[in-house]
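Below you'll find the structure, written out as structure tokens, and then a few comments.
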Amino acid sequence: MSRYQQEFQHATQTPETFWAEQAKRIPWFTPPTTILSYDDQQHARWFGDGEMNISHAALDYHVEQGRGEQPAIYWDSPVTQKKATITYSEMRDRVAYFAGGLQALGVEKGDRVVIYMPMIPEALVAMFACARLGAIHSVVFGGFAPHELAVRIEDAQPKVVVAASCGVEVNKVLPYKPIIDQAIELSDHKPDACVVYQREEHLAELGEGDHDWAALVEKAPYAECVPVKGTDPLYVLYTSGTTGKPKGVVRDTAGYAVALAYSMDVIYDVEPGDVFFSASDVGWVVGHSYIVYAPLLRGCTTVVYEGKPVKTPDAGAFWRLIEEYKVKSFFTAPTAFRAIKKEDPDAKLLEQYDISSLKNLYLAGERLDPPTFHWLDDLLDVPVIDHWWQTETGWPIAANLPGLEPMPTKAGSATVPVPGFDVQILDRDGEQAQAMEQGSVVIKQPMPPGSLVGVWGDPQRFHSAYMAAFPGYYLTGDGGYFDEDGYLFIMGRTDDVINVAGHRLSTGEMEEVVGAHPAVAECAVIGIHDELKGQLPVGLVIPKDGFDGDEATLEKELIARVRDQIGPIACFKQVLVVNRLPKTRSGKILRKLLRNIADGKEFGVPSTIDDPTSLEDVHGAMRDRSVGASDKATPV
56 MSRYQQEFQH
66 ATQTPETFWA
76 EQAKRIPWFT
86 PPTTILSYDD
96 QQHARWFGDG
106 EMNISHAALD
116 YHVEQGRGEQ
126 PAIYWDSPVT
136 QKKATITYSE
146 MRDRVAYFAG
156 GLQALGVEKG
166 DRVVIYMPMI
176 PEALVAMFAC
186 ARLGAIHSVV
196 FGGFAPHELA
206 VRIEDAQPKV
216 VVAASCGVEV
226 NKVLPYKPII
236 DQAIELSDHK
246 PDACVVYQRE
256 EHLAELGEGD
266 HDWAALVEKA
276 PYAECVPVKG
286 TDPLYVLYTS
296 GTTGKPKGVV
306 RDTAGYAVAL
316 AYSMDVIYDV
326 EPGDVFFSAS
336 DVGWVVGHSY
346 IVYAPLLRGC
356 TTVVYEGKPV
366 KTPDAGAFWR
376 LIEEYKVKSF
386 FTAPTAFRAI
396 KKEDPDAKLL
406 EQYDISSLKN
416 LYLAGERLDP
426 PTFHWLDDLL
436 DVPVIDHWWQ
446 TETGWPIAAN
456 LPGLEPMPTK
466 AGSATVPVPG
476 FDVQILDRDG
486 EQAQAMEQGS
496 VVIKQPMPPG
506 SLVGVWGDPQ
516 RFHSAYMAAF
526 PGYYLTGDGG
536 YFDEDGYLFI
546 MGRTDDVINV
556 AGHRLSTGEM
566 EEVVGAHPAV
576 AECAVIGIHD
586 ELKGQLPVGL
596 VIPKDGFDGD
606 EATLEKELIA
616 RVRDQIGPIA
626 CFKQVLVVNR
636 LPKTRSGKIL
646 RKLLRNIADG
656 KEFGVPSTID
666 DPTSLEDVHG
676 AMRDRSVGAS
686 DKATPV
């Protein structure tokens, strides 16, 4: 057997032994003797009697090991024209004193703290400070609307809210304090205090119950790390796009730390002292796992970037960062590179930079379409690794594993299941699918360390949402298949499979065909209601910058491509050329929202949307072309 097969078999057949070995990767106050146990609903819990603190493991421990003067954080903010380097010693002290400030406000082990901040070092300080005290943090993406922040405050019931005075974007400053004040007013739960980090770009007016970050820290005591049990919660993270009662994913402490430390070795292939750059946000799971916790657990330097892939100042921003900080592993979403490809299709800006430090490029957060994969694969001399995971799992489910055994890549595939994730494909009857046969992607229990351990305040919802559909399995909600080589292909959410006249067709497959056209920068294919055939596919495409062709001709060419490569059975007959597609801030196209508009339903502007005006563009284009019942769709 290959090294990968041996490791996967070890993790699958003897998970307790395997994860007991991996637990040695992190420093414990009290090493665990109970590796795997189960809760009342027979969901796995890991390292229950071990004691540790993730702030100690990621900061104090490295200082003790002689890494105190090594940079822990490179902060780079083109939107404010500022940069900073923070060593492990400096980061430990900042965290300890801010934790002391939170203690002075009454925050104790088990209390919740909501953090509402942009991509600044203080966001990481606040997260680690909560962890240092054994308090549970809930980071809400800076800029979320008051109502969305309010429902999270009401659900988590924080003792304290920690915020920055503002967020800074391209040519725009967004004051945060009015949003927080309105959210607290809307919420039935009222936090005891609000701590505000004042940024020079906008100073917030403080009122009763508000505390200035700098003043609080100045008089705060130095807080030591509070030992917590391995199964104690570290954070609650609300999944994007929630409506009504939010779904707060609960992450434990030790299982998460062990899984992240393992992933940094076998998946991301980095050693202590290496520089790791994840171009995400601390408000998302990628930010939690691979900006904040994993790099510092591994003893790496993490790049915290307050900017965009384009416009700050141009489509060469990522290349500049890789050169300047000598980044070894880089992780972002495919949509970021589609934006870069749109503005700089020939990658002329790359020629200005030396990115020889880069050894691996990682993409996740949405399906990596083959055209983007091939563009990057042709452009770069490093492996382009598509990997797949979810907010709920906390770390990758499937990936190429250069730190264990590098494998050939296949466009459209996330390669193989990571050891610990027993991924299977089930048909509608719960039977195992054959190779090349699409079905529901599930993970056989027990779930490995690092996976969610519940939904905050609603244990029944955790079971019904994830474990009830196929007893003994976790339902990912994605559809896909294994090929004959055991490579996993994720074709999108199961609701992205459409039924055209009784034929089940993947919109992801159609997107591959449409996106491969040389004039297309980005695309989405959605299924809309049709009285005769049940559903029909409609394509929405953004042409590359500089496209000067005829839109009608482009539409005919795309329709012909789908007909040739998938067949007339797809009934792909309509393409809309648009300027923008509505996306979340993490880069996912809001396909369900597009379907609702096309089907004539009421639609709201979700809190996670990056550019609300993109909805107006798409709605207008649909109305002009009489797509479905879009003329009856009304914003609410």
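In terms of the working numbering, the sequence shown opens at residue 56 and continues consecutively.
Heads up, the beta-carbon is just placed ideally off N, CA and C, and yes, glycines get one too.
If you're wondering where the values come from, they're calculated on a predicted model, not measured in any experiment.
Classification of residue i by the beta-carbon crowding that lies within 10 angstroms, buried from 16 upward
i	result
valine 447	The sequence shown places glutamate at residue 447, not valine. By the 10 Å Cβ count, glutamate 447 comes out buried.
aspartate 686	exposed
threonine 639	buried
proline 368	exposed
glutamate 203	buried
aspartate 600	exposed
valine 118	buried
isoleucine 191	buried
glutamine 489	exposed
valine 521	Reading off the sequence, residue 521 comes out as tyrosine, not valine. That one is buried.
threonine 387	buried
aspartate 324	buried
leucine 587	exposed
methionine 56	exposed
methionine 174	buried
isoleucine 128	buried
valine 162	buried
tyrosine 231	buried
glycine 299	Annotation note: pLDDT 49 at glycine 299 (below 50); position unreliable, no value reported.
alanine 269	exposed
Opposing strand residues paired with residue i [DSSP bridges]
i	result
isoleucine 498	Val478, Tyr529
histidine 429	According to DSSP, histidine 429 bridges with nothing at all.
leucine 456	Glu460
alanine 66	Paired residue(s): none; alanine 66 is not in a bridge.
serine 132	Lys137
arginine 306	Tyr290
glycine 534	Ser495, Gly547
glutamine 487	Leu481
phenylalanine 385	Phe332, Leu416
7 Å CB neighbourhood of residue i in its chain, flanking five on each side removed
i	result
valine 228	Cys221, Glu256, His257
isoleucine 545	Arg422, Trp443, Ala469, Val496, Asp533, Gly535
lysine 499	Asp477, Gln479, Gly527, Tyr528
isoleucine 109	Ala186, Leu289, Thr308, Ala312, Tyr348
threonine 689	Glu657
phenylalanine 199	Ser662
leucine 435	Leu416
lysine 310	Correcting the residue type first, residue 310 is glycine in the shown sequence and not lysine. Trp101, Phe102, Gly285, Pro504, Gly505, listed in sequence order.
leucine 431	Phe392, Leu416, Val439
threonine 294	Lys302, Val304, Thr446
threonine 297	Any reading at threonine 297 is ruled out, since the residue's pLDDT is 36, under 50, leaving its predicted position unreliable.
alanine 454	Ile322, Ile440, His442, Ala469, Thr470, Val473
alanine 653	Ile581, Ile583, Val593, Met677, Val682, Gly683, Ser685
6 Å Cβ shell around residue i - same chain, five flanking residues per side excluded
i	result
phenylalanine 153	Val180, Ala184, Val272
leucine 405	Trp374
glutamine 77	Val313, Tyr317
aspartate 441	Leu418, Leu423, Ala469
phenylalanine 84	Glu106, Met107, Pro282
Residue interval of the alpha helix (DSSP H) (run including residue i)
i	result
asparagine 651	646-653
threonine 562	562-570
phenylalanine 392	389-398
proline 350	349-352
proline 573	Per DSSP, proline 573 belongs to no alpha helix (DSSP H) and is neither H nor E.
tyrosine 380	372-380
serine 36	The structure shown does not extend to residue 36, since the chain is modelled only from 56 through 691, so no value can be given for it.
proline 598	Per DSSP, proline 598 belongs to no alpha helix (DSSP H); it is in the beta strand (DSSP E), 589-598.
leucine 423	Per DSSP, leucine 423 belongs to no alpha helix (DSSP H) and is neither H nor E.
valine 180	176-188
phenylalanine 20	The requested residue 20 is not part of the displayed model; the chain covers only 56 to 691.
Own chain partners of residue i with C-beta closer than 8 Å, once the 5 adjacent residues on each side are dropped
i	result
alanine 112	Ile81, Pro82, Ala312, Leu352
arginine 680	Gln629, Leu631
valine 691	Glu657, Phe658, Gly659
aspartate 409	Glu378
tyrosine 277	Asp148, Ala151, Tyr152, Gly155
Residue span of the beta strand (DSSP E) that contains residue i, given as start and end
i	result
glutamine 97	Note, glutamine 97: premise wrong, no beta strand (DSSP E); not H, not E.
phenylalanine 331	330-333
methionine 752	The requested residue 752 does not occur in the structure, where the chain is confined to residues 56 to 691.
arginine 80	Arginine 80 -> no beta strand (DSSP E), and no H or E assigned at all.
arginine 167	167-171
TODO: Can you check the stretch 201-277 for any beta strand (DSSP E) of at least 3 residues that lies completely inside it and give the ranges in chain order?
DONE: 215-219, 221-224, 227-230, 248-252, 265-267
- [ ] Any chance you could list the beta strand (DSSP E) runs of at least 3 consecutive residues sitting entirely within the stretch 612-690, in chain order?
- [x] For the stretch 612-690, whole beta strand (DSSP E) runs of length 3 or above, ordered along the chain, are 630-632.
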